[in-house]
Every structure is written in structure tokens, then in C-alpha cells.
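Residue numbers (my numbering): 1088 to 1514.
Idealized CB from N, CA, C, for every residue including glycine.
This report refers to the structure that appears directly beneath it.
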């Protein structure tokens, strides 16, 4: 592959103009779906500041930003080192189109978008990270770690392919221990038992508020648009965990009030849909928007930029330093339902659980073009949904908008299929 020529200032200006316009359009559509809760507006403000106003992430003064390229990087460890974790899994089509010149054609759009922002130097949230940590999950992430190191210092974090045996956890534990001196050198702060416990508690509080919020999200009729929920969860990538948790606490209070007042944003007969598969990263809210603009309710998601990213808090049994490190290694492997693991039967169990809890009537399996690990599991999930008599479709897309009308037709037809099925069952 030939290296493209350097990016000039004119190209950079056009990139910024287009990327901010697209992000603003998606954010506007998400806000207009239904009355947005007042407590959710600060989350939208963060996304606007990052992708439209091009501000840096909100963080305490003098705290360094450490970029992460997957939810499998323990944020607790970065907080323990006195830094701010910033998840850089972007859904920008404009950045994707730039990255397409540097990454092979068939690679996934998420990887291309990360590379695009790295080359364009137009996103302060990326540019101001002093270090990147790239988990070696899929082949695309593995090669990205090597290629993007030329743009910004990148540390690969190998992930074991298995997760059932203690030996697999030990492998990941060693990698986390290897990461400690790298973080300490970068931040100039030693990771101690006290700072690690504080980092675990910091993230744990955010996870607790998220678990409380999920009780309201599962309610039928819906109390808040599912697309707006996805925006709230995406905002976590760019906010300090304690600030995000405090705002989620306010949102939970508003959801409680909405429930008491019967303030719903959906009707009883609207099909409740679960989205699973490849991550849905802002600003690429194309699929959630189409679901809800076509009359469906995005009632749940099993994606790493959504519910899964804040599930399964660290369970500390031994409060010593090694005990907490082992708890971290266990949390980021054993309960994880990412298909990068050889055995992923937990994912089917989790999906069945979510379908029951959230009263799901249909499943959309989202595959980013080139995301083979998720595509590989489609047949297994399809068989499991068939056993439950839950309708399911596979939707393959990337970050461009050329397929919007085709997707709109398919999603609209799927929603009508669910309605027809429900009417037959009621007859």
C-alpha cells in the first residue's frame, strides 16, 4: 500500500467542516426524537463539545489523557495512575474516509476512523492523548496498534483467546502488570493499593448508576428514547467517571419522576427492539435513529459502546494490591461477551436474559462491514432467536450514508413484521 501524500491545511479545513456538520446533524435528530430529559442534556453537550466545537475532554487540570481503543482496557488502572481514560472508538464517516487511504479496503470502519483522526489532527480529544492503549482483540485492532504508533505512541494489550480457565486470567493479569510501569512513567505517579482501590470505586460508582438507570430503560412504555440513551452511554467515553456518575444520578431521579407521572415517550403497541453486534459509536447513530424514526423502540442494546461497556463491576475479594489486580483481570475476561473469545456461549445466555427483562419483540444484528468476529457469530445467535420465536434480521453497514434508504426500507419492513406477528398472537 502506498503512503498518501501529506494532508494540507485546506484538506484539514474541509475535513473539519464536513465532520462537524455530520455530527451536528445526528445530534439534532437524536434530540428531536422525543422530549429529551433535562438531566440528559449535559451528556449531549459533551458530545457537541468533542465533535462539533472540537474541545478537549473535560478533566481536572494537569491530568493527562490516555486514549483507549476498546472497552477491554481497564479504566480503573488508568485512573489509579492519575490519568483520564478517553475511549477513542469513533463512528465518524469523515474520519473513516481519511483512514481509508491508510488502512486496507476491507478493514472495519471503526479502525479506519481512528486512523483518520490520527492523521488529520483535528480532534483534540484524540490529539491531546499522550499515549494510546490498543487491546489485541481482532486482527484489525492488532495491525492498527502497529500502524498508528507512527502517529502517537501506542501500547498493544494482548487479550487471551480463552477465558474459562484460571490460566487464561493469569495471562491477562501478567499483561496488566506489564502495563503498570508504562502508565507510571507516562503520568509520573505510582500506582498503589490505595490509588487502585480509588480507581475501582470511581468506575464502580458509574456502573452502579448505570445499573439503576437500566431499571428505567427496561420499562414499557419507554421513559426515554433509546437513541438518546445510546448518546448518554457514548458520552461516558469522554467524561471523568465521577462526573458522569453524578449526572446519571440526576437522570435516574428524573426517570423516577417520569415514571411516577406516567410521562412516556412510546406507545404500548410500538415494537420493542434489541440491537446487538458491532459497536455503535457516536456520531454514527444511523441505525438507532432509523429504528425509532420508523416507529420502533430501541429498548435495549448488547454492544460494547452501550450497556455491555458498563456492566459487571469489579468484585474484590482480597483487598491487597495483587488481589485487586486479579479482580481486574477476572472482570475484563470471564464475564465479557465479546466474540473475540473462542467460546462465547455466555453471550447467548445474556441475550436471552435481556429479551426477557426488556420485553423485546425483535432483534437487529448489527455488523460493521469488515467486522468478522461479530459476523462469525450471526448464525449461532439466529438459531438461538429461532428457538425463542423472536424475529431477527442481520444489518450490514459502515459509516457512510449511501445505504440509508435501503436500511430504512428493511427496518420498516421488519417493524411491520413484528406488528403482524403480535396481531396474530393476540387474535
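| query | In this structure, does DSSP put residue 1442 in helix, strand or coil? | reply | helix
| task | Under 8 Å Cβ to Cβ from residue 1424, same chain only, skipping five residues before and after it: list those, please. | result | 1389, 1395, 1431, 1433, 1434, 1437
| query | Would the region 1207-1224 and the region 1148-1166 be scored as touching if the rule is three or more Cβ pairs under 8 Å? | reply | yes
| What residues match up with residue 1388 in a beta bridge as DSSP calls it? | 1362
| query | What is the C-beta distance between residue 1329 and residue 1289, in whole angstroms, given that I count them as a contact (C-beta under 8 Å)? | reply | 6 Å
| field | DSSP beta-bridge partners of residue 1242 | value | 1220
| alpha helix (DSSP H) segment containing residue 1184, residue limits | 1180-1186
| query | So is residue 1203 buried or exposed if we call it buried at 16+ other beta carbons inside 10 Å? | reply | buried
| message | Given this structure, state the Cα-to-Cα distance separating residue 1122 from residue 1505, to the nearest angstrom. | response | 26 Å
| said: Within 10 Å of its beta-carbon, does residue 1298 have 16 or more other beta-carbons around it, so buried, or fewer, so exposed? | reply: exposed
| Contact under 8 Å by Cβ, residue 1116 with residue 1376 | yes
| task | Could you tell me whether the Cβ atoms of residue 1175 and residue 1201 are closer together than 8 Å? | result | yes
| field | Presumed contact (8 Å Cβ cut-off) between residue 1378 and residue 1367, rounded CB distance | value | Residue 1378 to residue 1367, Cβ: 11 Å. No contact.
| request: Please report how far the alpha carbon of residue 1135 lies from the alpha carbon of residue 1106, in whole angstroms. | output: 12 Å
| 6 Å CB neighbourhood of residue 1088 in its chain, flanking five on each side removed | For residue 1088, the predicted model reports a pLDDT of 39, less than 50, meaning its position is unreliable and no value from the coordinates is stated.
| task | Just the C-alpha distance for residue 1422 and residue 1101, rounded to the nearest angstrom, thanks. | result | 43 Å
| message | Spatial neighbours of residue 1497 within its chain, please: C-beta separation below 8 Å, excluding the five flanking residues on both sides. | response | 1480, 1482
| query | Just how far apart, CA to CA, sit residue 1092 and residue 1229? | reply | Reliability fails at residue 1092, whose pLDDT of 45 lies under 50, so the model's placement of it is uncertain and the value that follows must be treated cautiously. Cα-Cα distance, rounded: 25 Å.
| How would you label residue 1180, buried or exposed, when you count the other beta carbons within 10 angstroms and need 16 or more for buried? | buried
| request: Report, in whole angstroms, the separation of the C-beta atoms of residue 1382 and residue 1357, which I expect to be a contact under 8 Å. | output: 6 Å
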